[in-house]
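Participant: Residues in the sequence shown are numbered consecutively from 29, following our numbering.
Note that beta-carbon positions come from the ideal geometry of N, C-alpha and C, so glycine has one too.
This is the structure I want to talk about, given as structure tokens.
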Amino acid sequence: MQYSFHPEAEQELNDSIDYYNECQENLGFEFAEEVFKSINHILSFPYAWSPLTDNTRRCLTDRFPYGIIYQVTTEEVFILAVMQLNKKPDYWKLRD
């Protein structure tokens, strides 16, 4: 199964990588590895995480306070948000 990012989710990921790299050398790259590890879990078991809505699920990262918000289609996993868990919880709902 393949995956793709909503453009705003990709920007969130890149901004978070930059933020963590500014905090500590290579921490952003460790964050990216953690996110892609979570994405690989999603690809292996797309329905393993509880639904947030009828067609949207959230997988939490292990080390960082982030959730991967995604939808499963017949062709791919579509990542709607790389959400920092301390933000407004429903901000991503307007994304298609």
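Within 10 angstroms of its Cβ, does Glu-38 collect 16 or more other Cβ (buried), or is it exposed?
Facilitator: Answer is exposed; the Cβ neighbour count stays below 16.
Participant: Got a sec? Which residues, its chain only, sit under 7 Å from Phe-40 by beta carbon, not counting five neighbours each side?
Facilitator: The sequence given here places Glu at residue 40; Phe does not occur at that position. Only Ala-109 and Val-110 meet the Cβ criterion.
Participant: Any chance the stretch 45-61 sits against the stretch 71-87, with 3 or more Cβ pairs inside 8 Å?
Facilitator: Taking 8 Å as the limit for Cβ pairs, the verdict is that the stretch 71-87 does not touch the stretch 45-61.
Participant: For a quick check, are the C-beta atoms of Ser-44 and Phe-106 less than 7 Å apart?
Facilitator: The answer is no: Cβ separation not under 7 Å.
Participant: Could you tell me which residues DSSP puts in a beta bridge with Gly-95?
Facilitator: DSSP output for Gly-95 lists Leu-88 and Met-111 as bridge partner(s).
Participant: Would you call the CB atoms of Ser-66 and Cys-87 closer than 7 Å?
Facilitator: Yes, the Cβ-Cβ distance between Ser-66 and Cys-87 is below 7 Å.
Participant: Assign Gln-52 to one of three DSSP states: helix, strand, or coil.
Facilitator: Coil at Gln-52, not helix or strand.
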